[in-house]
Every structure is written in C-alpha cells, then in structure tokens.
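Visitor: Okay, here's the structure, questions in a sec.
Numbering (the working numbering), first residue to last: 4 to 71.
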C-alpha cells in the first residue's frame, strides 16, 4: 500500500490554499481588505518558503507582493 505521510499531506493542503488564493479575482482590488488579503497570502508564502526551502514559490511571492 502506498501512502503520503502526514507532514506531506499538510504541506500539500497549504500549497492548495495558496493556489486557490492566487486564482482569487478581486471585485474591488483597491480596498484595504484586498491589500490585507494579499499581505496575508504573501506572509503565508514566505513562511512556507522558509520552512521548506526546496519549494519554488517565486511566482507566488511576486504575485502577492503586487509584482504581477
């Protein structure tokens, strides 16, 4: 039987959340709420990158930093 260990499942879940957040289309991109959303996602991406240096999250970091 093949299985994925718990830490790998948790990482996959976090990456899925980040992917979904990146696909989010803001109705009001100039609002404070949207800026807070982007900052929260940027911080999550930075944390994941720090905890898992083998990940390449450069595109996500740039996107959430507003460099897209």
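Every residue gets a Cβ at the ideal spot worked out from N, C-alpha and C, and that includes glycine. Small disclaimer: the values here were computed from a predicted structure and weren't measured.
(1) Using the Cα positions of residue 64 and residue 58, report the straight-line distance between them to the nearest angstrom.
(2) Pop quiz: residue 60 and residue 52 are said to be a contact at Cβ under 8 Å. What is the actual Cβ separation, rounded to whole angstroms?
(3) Could you check the C-alpha separation between residue 15 and residue 44 for me, to the nearest Å?
(4) Residue 32 by DSSP, collapsed to three states: which one?
(5) Can you list, in chain order, the residues of its chain with a C-beta nearer than 7 Å to that of residue 68? Leave out the 5 residues immediately preceding and following it.
(6) I'd like to confirm something about residue 49: is its beta-carbon nearer than 7 Å to some heavy atom of the ligand PLP, or not?
Guide: Once the coordinates are examined:
(1) If you number the chain shown from 1, residue 64 lands on position 61. If you number the chain shown from 1, residue 58 lands on position 55. Those two C-alpha atoms are separated by around 12 Å.
(2) Translated into the one-based positions of the chain shown, residue 60 becomes position 57. Translated into the one-based positions of the chain shown, residue 52 becomes position 49. That belief holds up - the Cβ atoms of residue 60 and residue 52 are roughly 5 Å apart, short of 8 Å.
(3) Here residue 15 refers to the residue found at position 12 when the chain shown is read from its first residue. Here residue 44 refers to the residue found at position 41 when the chain shown is read from its first residue. Between residue 15 and residue 44, the C-alpha separation is close to 16 Å.
(4) Counting from one through the chain shown, the residue named residue 32 turns up at place 29. Here residue 32 sits in coil by DSSP.
(5) Counted from its first residue, the chain shown places residue 68 at position 65. Excluding residues within five positions, the ones whose Cβ falls inside 7 Å are 45.
(6) With respect to small molecules bound, the structure shown includes none, and the ligand PLP cannot be examined in it.
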